[in-house]
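Contents: one structure, followed by commentary.
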Amino acid sequence: MDKHEEDTCTYTYKTCGNRRTIKRDGSFHRLCEFHRKKANALQKAYATKRRREFHSLRELVKQSVQVGRDCIDNNTNNTLFDLDEVEPIALSSQAAGFSDEEFAYLCLELQLL
Numbered sequence: 001m002d003k004h005e006e007d008t009c010t011y012t013y014k015t016c017g018n019r020r021t022i023k024r025d026g027s028f029h030r031l032c033e034f035h036r037k038k039a040n041a042l043q044k045a046y047a048t049k050r051r052r053e054f055h056s057l058r059e060l061v062k063q064s065v066q067v068g069r070d071c072i073d074n075n076t077n078n079t080l081f082d083l084d085e086v087e088p089i090a091l092s093s094q095a096a097g098f099s100d101e102e103f104a105y106l107c108l109e110l111q112l113l
């Protein structure tokens, strides 16, 4: 590999002849300035989307906890609905599972309560 190939952008989807940018420590980044900005913008959009989803999940957990608390009469510690009217869930029913991320978040939220 000659010197020019070593300092050329390594963008994977097409050949880019631009020079790689230099890090603060003097070594090369993998990409040129254009492709670094493009990759950083995509990463920022992805991170924003994930934070928004995480926030929505957190709000959903808060609402469900509040609904659960609303079913209890604090004066008598009795439930506000007749337990004889509640039908049990069949053991053979297919429950929708949580993703690893959702499960970890719910565990964290339950520890904070």
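With the UniProt record's numbering applied, the sequence shown corresponds to residues 1 to 113, in that order.
The C-beta atom is built at its ideal place from N, Cα and C for all residues, glycine as well.
Just so you know, these numbers come straight off a predicted model, no measurement behind them.
Separation of the CB atoms of His35 and Tyr11 is rounded to 5 Å, and the pair is thereby assigned contact status at 8 Å. Inclusion of Arg24 and Leu31 in the CB contact set at 8 Å is not warranted, their separation being larger than that value. DSSP places Phe28 within a strand segment (E or B) once states are collapsed to three.
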